[in-house]
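**Student:** Structure incoming, see below.
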Amino acid sequence: MKMPVVVQFFIISLLLTSSFYVLSSADSSCGGKCSVRCSKADRTHEECLEDCDICCQKCNCVPSGTYGNKDECPCYRDMKNSKGGSKCP
C-alpha cells in the first residue's frame, strides 16, 4: 500500500521538527549550566563559557556549582587540553 505524498511529507516534517527540538533544548541546557559554572571563573568569562560549552556538548553534563564536583561527570572531568591540563572549567 502506497502512502500519499502529503502523508509522507507530514511524517518527515514531524521527524525533522522533533530532532531539531532535542538539539536546541540540549544547547539551551548547556548555556544555563555553563553560566552558573563560569560565574566566578578566574579566567575571562567568555573563555570559560566557550570551554564549558564544548565539554557540555560532548559529555551531556556539567558539574554542579562554580568549582569542583567534577566527579559528578567523569567525561567532563577527564577531558584534557593540548597541554595535558583540564579542558573543562
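When you line the sequence shown up against mature numbering (1 follows the signal peptide of the UniProt record, and there is no 0), it's residues -26 to -1, 1 to 63, in that order. From the three backbone atoms N, C-alpha and C, an ideal C-beta is built for every residue, glycine too. Treat the numbers as computed from the prediction; the structure is a model and nothing was measured.
(1) Return helix, strand or coil for lysine 44, following the three-state DSSP convention.
(2) Over what stretch of residues does the alpha helix (DSSP H) that includes lysine 32 continue unbroken?
(3) Select from Ile28, Gln(-19) and Pro(-23) the residue whose C-alpha is nearest the C-alpha of lysine 7.
(4) How is serine 56 classed by DSSP in three states: helix, strand or coil?
**Tutor:** Let's see:
(1) Of the three classes helix, strand and coil, the one that applies to lysine 44 here is helix, per DSSP.
(2) DSSP places lysine 32 in the uninterrupted alpha helix (DSSP H) bounded by 19 to 33.
(3) Looking at the Cα atoms, Ile28 is the closest of the given residues.
(4) In the structure shown, the three-state DSSP call for serine 56 is coil.
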